[in-house]
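Engineer: Quick one: this structure, given as structure tokens, is what I'll be asking you about.
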Amino acid sequence: MSHEFRPYTPVVKVLGINVGATPLQTPAEYLLKFTKYLHQNAWSIVFLIAGGYILKTSVIVPYIEKYKKAQSHREATDPARVKVLKSDMLRIRAAQQEEHQRKSEEALEVEKKKRLEEMEKKRIKQPMEEKGGGGRRLDENTSSTRPGYNSTDPLSSNAGGHRPTRRNVNTRRVG
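Numbered by my numbering, the letters in the sequence shown go through residues 525 to 699 in order.
Take a look at the structure:
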């Protein structure tokens, strides 16, 4: 009897696939065994995946969300935390009110300045302001800087100047 020498290979199977590898097994042998397993158990794998997905979406995820919500509610209503948050809220609210008060005062100042500038712009200037103010006369004998009546100066009198009469040549009176 001739016995052929075979090295010992431990048999460790996971999902029906021998994972106790030896250097004599090639990747092609692994692939053949894996595809054979898939062909034999295809429907079982499909049903396991579908059942796992349904179980996850309808049971596990809602349970986890419910647990997280309850834990969050417990933490949010913890009296020690609420006390700290309330003091922080009051401090922040006071700072916001102070900031708002400062901004409103600045806005009032700006509005007041704008109003004064607008009033200055609308103010009717006096004749002396328009001419550039008073100056010294060439004749130093007079002490007054205010000009008197000058017949050659059209601005010296309050007369409106020469205005021609208004004539309507093409108008006829019907009557």
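Backbone N, C-alpha and C define an ideal beta-carbon position, used for all residues, glycine too.
Report the rounded CA-to-CA distance for Gln621 versus Arg647, giving the unit in angstroms.
Structural biologist: 39 Å
Engineer: Cβ atoms of Ile573 and Leu562: under 9 Å apart, would you say?
Structural biologist: no
Engineer: Run through DSSP, which three-state label would Lys557 get?
Structural biologist: helix
Engineer: Quick check on DSSP: helix, strand or coil for Lys592?
Structural biologist: helix
Engineer: Quick one: give me the first and last residue of the alpha helix (DSSP H) that Arg617 is part of.
Structural biologist: 603-646
Engineer: When you compare only the Cα positions, how much space is there between Lys636 and His624?
Structural biologist: 18 Å
Engineer: Can you tell me whether DSSP reads His527 as helix, strand or coil?
Structural biologist: coil
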